[in-house]
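Okay, structure first, notes after.
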Amino acid sequence: MKFLASLVHAAVASQVVFDSHSPPDKDGEFAIISRNRGAAVRFRSPSAADNACGPEGLTIDTVNFMMDTSKVAGDTSLLVNFCPSVNGKPYCTKSGQPARIPIKNIDKRAKFQWSPPSSIVLPTSSYYWFTIFSSAEADYQAPFWLAGTKEYSTVSDPNDDVITAFTVNKDGPWEVVNNRHLPENRVVGCLQVNTK
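The opening position of the sequence shown corresponds to residue 16 in our numbering, with each subsequent residue numbered one higher.
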């Protein structure tokens, strides 16, 4: 009984601040992820009015995402980070080293859950980026970040809070995709961010 109570308490304490939903059953590749080819998704943290934890912000609890790891070598790892947005791009200089997640599940739809090793607080109404690289040297052995199924448009995202960026060099620069040049119903990488 205590175990069930703790699960209920954890569920109540957690808040989903971003969710681009699970990928489609078939296909749904969003971006190839290698040592030099990275991708990022930007979102806006909740405002103080929407924030259950007060004006100081929310602390990231877990991050869930899905990859196609079916072609990776056995010693491949993912490198993930949360970075503030500066001039509309990921600014990871002060975010510390990316966290390394060994790929243990070789699958077309491998699920990953990551908890930051140290506390990351999202200030209210601020842009943040989730960035991802891998240790794969060759593209043909690299994992793919799968696309979420939630569609973003001028109606559902009128301020372009949700955007993507790509780089072909681990040290940047990041190239932000201009949403105005994309189809009205665009998708981003499969990503769910939970806070506490």
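Positions of the beta carbon are idealized from the N, C-alpha and C atoms, including for glycine. Bear in mind the structure is a predicted one, so any value in this text is a computation, not a measurement.
Reduced DSSP secondary structure (H/G/I, E/B, other) of residue i
i    : result
D106 : According to the sequence as given, residue 106 is Tyr; it is not Asp. DSSP places Y106 in coil when its eight states are reduced to three.
Q156 : helix
K211 : coil
W129 : strand
T139 : coil
D34  : strand
N79  : strand
A20  : Residue confidence for A20 is low, a pLDDT of 42 falling below 50, so the modelled location carries little weight and cannot support an answer.
I121 : coil
Alpha carbon of residue i to alpha carbon of residue j, nearest angstrom
i    : j    : result
E44  : V136 : 30 Å
D176 : E152 : 32 Å
D83  : P173 : 31 Å
P158 : E71  : 36 Å
C107 : A162 : 23 Å
T182 : N193 : 14 Å
S133 : N209 : 15 Å
G103 : A55  : 12 Å
F33  : K86  : 29 Å
Enclosing beta strand (DSSP E) for residue i [first to last residue]
i    : result
E71  : Neither: E71 is in no beta strand (DSSP E) and is coded neither H nor E.
S92  : S92 to V101
P117 : A114 to P117
E44  : E44 to I47
T182 : I178 to T182
G163 : Careful: G163 lies outside any beta strand (DSSP E) and carries neither H nor E.
G111 : Per DSSP, G111 belongs to no beta strand (DSSP E) and is neither H nor E.
F57  : It is Arg, not Phe, that sits at residue 57 in the sequence shown. Segment G53 to R59, the beta strand (DSSP E) holding R57.
Any non-hydrogen atom of the ligand ADP closer than 6 Å to residue i Cβ
i   : result
R57 : This structure simply doesn't include the ligand ADP, nor any ligand for that matter.
CB contact below 7 Å: residue i versus chain B
i   : result
C98 : Protein chains in the displayed structure number just one, and chain B is not present.
* Is the stretch 138-157 close to the stretch 87-105, with three or more CB pairs under 8 Å? -> yes
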